[in-house]
Amino acid sequence: MKKTALIAAVAMTLMLMTAARPANDVITKDGKTTIVNTTTLTKKVRGFHGPTPVKIYIKSNKITKIEAMPNQESPKYFALAKKVLDRYTGKSVKKAATMKVDATTGATFSTKALIKNVQEGVKYYNNNK
Numbered sequence: 013m014k015k016t017a018l019i020a021a022v023a024m025t026l027m028l029m030t031a032a033r034p035a036n037d038v039i040t041k042d043g044k045t046t047i048v049n050t051t052t053l054t055k056k057v058r059g060f061h062g063p064t065p066v067k068i069y070i071k072s073n074k075i076t077k078i079e080a081m082p083n084q085e086s087p088k089y090f091a092l093a094k095k096v097l098d099r100y101t102g103k104s105v106k107k108a109a110t111m112k113v114d115a116t117t118g119a120t121f122s123t124k125a126l127i128k129n130v131q132e133g134v135k136y137y138n139n140n141k
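In this note's numbering, the protein residues as written are 13 to 141.
Written out as structure tokens, the structure reads:
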């Protein structure tokens with residue numbers, strides 16, 4: 013009985029410790045660059061045809077690039093929407109978190125979803141770096 017209680021206590025402790033850590037699939041490192049992947053972070057953020065996750069590359073607290081991840085958006089309209097991501101390149105994480113970016117006409121849903129992904133990704137980075 014005592015051994016079973018000890019095993020249960022250890023298992024519970026491990027579960028709690030794992031739950032308290034940030035998900036390792038959201039933030040990864042590549043040398044001095046931190047990469048924030050919003051795939052699991054923003055599952056409910058949707059463009060016109062579904063989720064529009066991004067990878068945000070951050071080095072020395074500046075965004076070096078943002079990549080759109082695979083999605084179900086119409087390629088023609090998504091190409092217009094992706095241009096919004098360039099506005100964040102070179103900006104500090106602090107600046108990116110507060111930027112007001114307009115949606116692209118003709119690709120409003122996709123653009124707004126990309127902007128929300130960036131905002132949530134930067135927020136997550138700030139809270140878990």
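Cβ atoms here follow ideal geometry from the backbone N, Cα and C, with glycine treated the same way.
Note that this is a predicted model, so its numbers are computed, not measured.
Asked	Found
Distance, Cα to Cα, valine 57 vs lysine 107?	22 Å
Looking at threonine 123: is its Cβ nearer than 8 Å to the Cβ of alanine 80?	no
Could you say which of Thr52, Lys44 and Asp37 lies nearest to isoleucine 70 if we only look at CA atoms?	Lys44
Should proline 82 go down as buried or exposed, given a rule of 16 or more other Cβ atoms within 10 Å for buried?	exposed
Below 8 Å CB to CB, which residues in the same chain sit around isoleucine 47 once its five sequence neighbours on both sides are set aside?	Ile39, Thr40, Lys41, Lys67, Ile68, Tyr69 and Ile70
Apart from the five residues just before and just after leucine 126, which ones in its own chain have a Cβ nearer than 8 Å to its Cβ?	Gly59, Thr64, Val66, Ala80, Ala93, Lys94, Val96 and Leu97
With respect to 7 Å, is the separation between the Cβ of isoleucine 70 and the closest non-hydrogen atom of the ligand ATP below this value?	Within the structure as shown, the ligand ATP is missing, as the structure has no ligands at all.
Along the beta strand (DSSP E) that carries threonine 40, what are the first and last residues, could you check?	39 to 42
How would you label asparagine 49, buried or exposed, when you count the other beta carbons within 10 angstroms and need 16 or more for buried?	buried
Return the first residue and the last residue of the beta strand (DSSP E) that asparagine 49 is part of.	45 to 49
What are the start and end residues of the alpha helix (DSSP H) that includes alanine 91?	87 to 94
Pull up the DSSP beta-bridge partners for tyrosine 69, would you.	Ile47 and Lys77
Taking lysine 141 as the reference, which of Thr116, Asn73 and Thr120 has the closest Cα?	Asn73
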